[in-house]
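Below: one structure, written as structure tokens.
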Amino acid sequence: MSSATNTTVNGTSSAPRRTANGAAGVPSRHGLASRLRTAFGVAVVAVLLFPVYWMVNTSLQGSENLLSTQWFPLHLDLDGYRQAIDSQLGNLGTSLVIASGAVVVCLAVSAPAAYGLSRTTVKLPGGGVVMTLLVITQMIPGIVIANGLFSLYNDLGLINSHLGLILADASLGVPFCILLMRSFMVNIPSSLVEAAKIDGASEFRVFRSIIVPLSRNSLVTAAVFAFLFAWSDFMFALTLTTGDTVVPVTLSMYTFVGAHTQSWAALMATATLASIPAAALLVLAQRYIAAGVTGGAVK
Numbered sequence: 001m002s003s004a005t006n007t008t009v010n011g012t013s014s015a016p017r018r019t020a021n022g023a024a025g026v027p028s029r030h031g032l033a034s035r036l037r038t039a040f041g042v043a044v045v046a047v048l049l050f051p052v053y054w055m056v057n058t059s060l061q062g063s064e065n066l067l068s069t070q071w072f073p074l075h076l077d078l079d080g081y082r083q084a085i086d087s088q089l090g091n092l093g094t095s096l097v098i099a100s101g102a103v104v105v106c107l108a109v110s111a112p113a114a115y116g117l118s119r120t121t122v123k124l125p126g127g128g129v130v131m132t133l134l135v136i137t138q139m140i141p142g143i144v145i146a147n148g149l150f151s152l153y154n155d156l157g158l159i160n161s162h163l164g165l166i167l168a169d170a171s172l173g174v175p176f177c178i179l180l181m182r183s184f185m186v187n188i189p190s191s192l193v194e195a196a197k198i199d200g201a202s203e204f205r206v207f208r209s210i211i212v213p214l215s216r217n218s219l220v221t222a223a224v225f226a227f228l229f230a231w232s233d234f235m236f237a238l239t240l241t242t243g244d245t246v247v248p249v250t251l252s253m254y255t256f257v258g259a260h261t262q263s264w265a266a267l268m269a270t271a272t273l274a275s276i277p278a279a280a281l282l283v284l285a286q287r288y289i290a291a292g293v294t295g296g297a298v299k
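Residue 214 in the UniProt record's numbering is what sits at position 214 of the sequence shown, and the numbering runs on without skipping anything.
Below is the structure:
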């Protein structure tokens, strides 16, 4: 008898084959669920990015009324950017100086502190209290800290100064940076530290030559977050400055909108320009950030 109806001459089955998507080419539940998750993720990202799009869109239309802004910038108007560059370039420089200074202070204080806590809290029974206190400091509202600093700064003459804003912004970044770097440094094997000390290395040499190079990802991550904290600060800039001597861009951009002035295009253009350094920094440091944030979770 010839071969069965469901087989070919070569003995292979001619019945409908199962594909990766399911039987007979019909999409499986897994494939459908994957597509739904992808569509949901795209929708969420679109919703989150819409304010950014609307900011850039408004800045390119030169509209003084948000209600008259078109959905797409068909007729470009760069007058808002001209106003922003003419009036806000110096304030952008001020914000850059303050944010860079805050990064230096945060790393200079946080890195040694994180190293010390990574070596002691795992040994001392009460070492966890220090970590708890650091977490609590993150819960204190910024306005409470700003009000407390105002009277102190007034006595020290730090009102309307770059140094005052640098120290204030660093006060918010230091606890977070310590927690971040400590979670990474605690996973560095103690045998490396002990071997270096046996060879005659001092504590500072161990920190500089072993801990810092191994903690590069966490250091870069801490620096990025410290920069973003200071770059986006508004509370300290509003509370600890009373004149036009030192004005960060987060505070100066609101001069475009007031009771008698509403230059929304210039405001959005300034916001767009202020977003570029932060966005560029995140793009350049994204691989370090991914490794630095997850490094403390890997044993």
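Note that the Cβ used here is the ideal one computed from N, Cα and C, for glycine as well.
*How many Å lie between Q83 and F50 at the Cα?*
Within the sequence shown, residue 83 is the residue found at index 83, counting from 1. Within the sequence shown, residue 50 is the residue found at index 50, counting from 1. Rounded to whole angstroms, Q83 to F50 spans 24 Å at the Cα level.
*Just the C-alpha distance for N21 and F40, rounded to the nearest angstrom, thanks.*
Here the question's residue 21 lines up with position 21 in the sequence shown. Here the question's residue 40 lines up with position 40 in the sequence shown. Here N21 scores only 48 on pLDDT, less than 50, and its place in the model is too uncertain to base an answer on.
*DSSP on V186, reduced to helix/strand/coil?*
Sequence index remark: in the sequence shown, residue 186 carries index 186 (1-based). Note: V186 maps to coil in three-state DSSP.
*Excluding sequence positions up to five away, which residues of its chain have a Cβ less than 7 Å from the Cβ of residue 373?*
The chain is shown from 1 up to 299; residue 373 falls before or after that span and cannot be answered.
*asked:* Going by DSSP in three states, V249 sits in which element: helix, strand or coil?
replied: By one-based count along the sequence shown, residue 249 stands at place 249. DSSP places V249 in helix when its eight states are reduced to three.
*Give me the Cα-Cα distance between S209 and R216, rounded to the nearest whole angstrom.*
The count along the sequence shown starts at 1 and reaches residue 209 at position 209. The count along the sequence shown starts at 1 and reaches residue 216 at position 216. If I take the Cα positions, the gap works out to 12 Å.
_Taking only three categories from DSSP, how would you classify Q70?_
Residue numbering aside, residue 70 sits at position 70 when the sequence shown is read from its first letter. DSSP places Q70 in coil when its eight states are reduced to three.
*asked:* Pop quiz: M268 and S95 are said to be a contact at Cβ under 8 Å. What is the actual Cβ separation, rounded to whole angstroms?
replied: Here residue 268 refers to the residue found at position 268 when the sequence shown is read from its first residue. Here residue 95 refers to the residue found at position 95 when the sequence shown is read from its first residue. Wrong, their Cβ atoms sit about 17 Å apart, outside the cutoff.
*asked:* According to DSSP, is T7 part of a helix, a strand, or is it coil?
replied: As a position in the sequence shown, residue 7 is number 7, starting the count at 1. Residue placement at T7 is flagged as unreliable, the pLDDT there being 45, under the threshold of 50; the coordinate-derived value follows with that caveat. Strand at T7.
*Would you tell me roughly how many angstroms separate the C-alpha atoms of A113 and M235, rounded to the nearest one?*
As a position in the sequence shown, residue 113 is number 113, starting the count at 1. As a position in the sequence shown, residue 235 is number 235, starting the count at 1. If you take the alpha carbons of A113 and M235, they lie about 26 Å apart.
*asked:* Just verifying my parser: in three-state terms, what is the DSSP assignment at Q61?
replied: Residue numbering aside, residue 61 sits at position 61 when the sequence shown is read from its first letter. Note: Q61 maps to coil in three-state DSSP.
*Specify the secondary structure class of Q88 as computed by DSSP and reduced to three states.*
To locate residue 88, count along the sequence shown from 1; it is residue 88. Under the three-state reduction of DSSP, Q88 is assigned to helix.
*Can we say the stretch 217 to 237 touches the stretch 150 to 157, given the rule of at least three CB pairs closer than 8 Å?*
no
*Enumerate in chain order the residues of its own chain whose CB-to-CB distance from L92 is below 7 Å, with the five nearest sequence positions on each side excluded.*
As a working note, residue 92 is residue 92 in the sequence shown. When the five nearest sequence neighbours on each side are left out, the beta carbons in the same chain lying within less than 7 Å of the beta carbon of L92 are those of V249, L273, A274, in order along the chain.
*What three-state label does DSSP hand Q262 in the structure shown?*
Locating residue 262 in the sequence shown gives position 262, counting from the first residue. Reduced to three states, the DSSP call for Q262 is strand.
*The alpha helix (DSSP H) with F229 in it runs from where to where?*
As a working mapping, residue 229 is identified with position 229 in the sequence shown. That run of the alpha helix (DSSP H) goes 216 to 231.
*Could you give the residue range of the alpha helix (DSSP H) that holds S161?*
Position 161 of the sequence shown, counting from 1, holds the residue named residue 161. Element bounds for S161: n/a, residue is neither H nor E.
*Under the assumption that L74 contacts L134 (Cβ atoms under 8 Å), give the Cβ distance between them as a whole number of angstroms.*
Mapped onto the sequence shown, residue 74 falls at position 74. Mapped onto the sequence shown, residue 134 falls at position 134. The pair is not a contact, with the Cβ atoms about 52 Å apart (cut-off 8 Å).
*Do V212 and A111 have their C-beta atoms within less than 8 Å of each other?*
Numbered from its first residue, the sequence shown carries residue 212 at position 212. Numbered from its first residue, the sequence shown carries residue 111 at position 111. For V212 and A111, yes; Cβs fall inside 8 Å.
*Just reading off the alpha helix (DSSP H) that A237 is part of, what are its end residues?*
Counted from its first residue, the sequence shown places residue 237 at position 237. Looking at the DSSP string, the run of the alpha helix (DSSP H) that includes A237 is 235 to 239.
*Are the beta-carbon atoms belonging to V97 and H30 less than 8 Å from one another?*
Residue 97 sits at position 97 when you count from the first residue of the sequence shown. Residue 30 sits at position 30 when you count from the first residue of the sequence shown. For V97 and H30, no; Cβs fall outside 8 Å.
*Spatial neighbours of F176 within its chain, please: CB distance less than 7 Å, with the 5 preceding and 5 following residues excluded, ordered by chain position.*
The sequence position of residue 176 within the sequence shown is 176, counting from 1. Contacts found: Q138, F225.
*Quick one: Cα of N57 to Cα of S252, how far?*
For the purposes of this step, residue 57 is taken as residue 57 along the sequence shown, with counting starting at 1. For the purposes of this step, residue 252 is taken as residue 252 along the sequence shown, with counting starting at 1. Roughly 21 Å between the two C-alpha positions.
_Please confirm whether R205 has its beta-carbon closer than 8 Å to some beta-carbon of chain C._
Absent from the structure is chain C; it holds one protein chain and no more.
*Assign D233 to buried or exposed, taking buried as 16 or more other Cβ atoms, counted over all protein chains shown, within 10 Å of its Cβ.*
For the purposes of this step, residue 233 is taken as residue 233 along the sequence shown, with counting starting at 1. With 16 or more Cβ atoms within 10 Å of its Cβ, D233 is classed as buried.
*Report the option in L228, T270, G243 whose CA atom is closest to the CA atom of A280.*
Reading the sequence shown from its first residue, position 280 is the one you call residue 280. Minimum Cα distance to A280 is reached at L228.
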